[in-house]
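Taking the numbering used here, the leading residue of the sequence shown gets 201, the next gets one more, and so forth.
Report on the structure given below.
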Amino acid sequence: MNTKLEMGAVYSAKEEVDKYRALYYAGASGDFNPIHIDPEFGKMVGLGGVILQGLCTLGFVAKSVTDWAGDPGRLKRIKCRFAAPVHLGDFVQTAGEVVEMSGGRAKLDIKVTNQDGTEVLKAVQAEVE
Numbered sequence: 201m202n203t204k205l206e207m208g209a210v211y212s213a214k215e216e217v218d219k220y221r222a223l224y225y226a227g228a229s230g231d232f233n234p235i236h237i238d239p240e241f242g243k244m245v246g247l248g249g250v251i252l253q254g255l256c257t258l259g260f261v262a263k264s265v266t267d268w269a270g271d272p273g274r275l276k277r278i279k280c281r282f283a284a285p286v287h288l289g290d291f292v293q294t295a296g297e298v299v300e301m302s303g304g305r306a307k308l309d310i311k312v313t314n315q316d317g318t319e320v321l322k323a324v325q326a327e328v329e
């Protein structure tokens, strides 16, 4: 999709965190922290099992923006605050809206939740041209 940038434009996307996602991301990123690969360790430290790497969650958001924008090169900036863990089997849902236009660039505010409506990332913004 090659989206025309305009005020109020919206998009949404959903990604399932399959049981291997944290392992795939660990291999690609080198982030083998035990909270991301060892279910027993995750339980021992109070996380209820394996949690997804935060940057993998942000990667889902970046993908949702670039899928909407139509070209990965259009994404110029993205930021967030990590707010809650994402577990294997969760769904990461993104909903973005263009809230500002300036100089051919659009600023999007993006809400990122799991299937229960818990915000897993907060203060998420992206800039697209």
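For each residue, glycine too, the CB sits at the ideal point set by N, CA and C.
Inset, instruction - Quick one: measure Cβ to Cβ for leucine 288 and valine 217, integer angstroms, because I've assumed they're closer than 8 Å. - result: 6 Å
Legend entry - Through-space distance from cysteine 256 to proline 272, alpha-carbon basis: 16 Å
Inset, instruction - Could you check the C-alpha separation between leucine 341 and aspartate 290 for me, to the nearest Å? - result: Limits of the chain in this structure are 201 at one end and 329 at the other, which puts residue 341 out of reach.
Legend entry - Option in Asp316, Ala269, Ile237 with minimal Cα separation from alanine 222: Ile237
Inset, instruction - Look at alanine 213 and glutamine 293 and say whether their C-beta atoms are less than 9 Å apart. - result: yes
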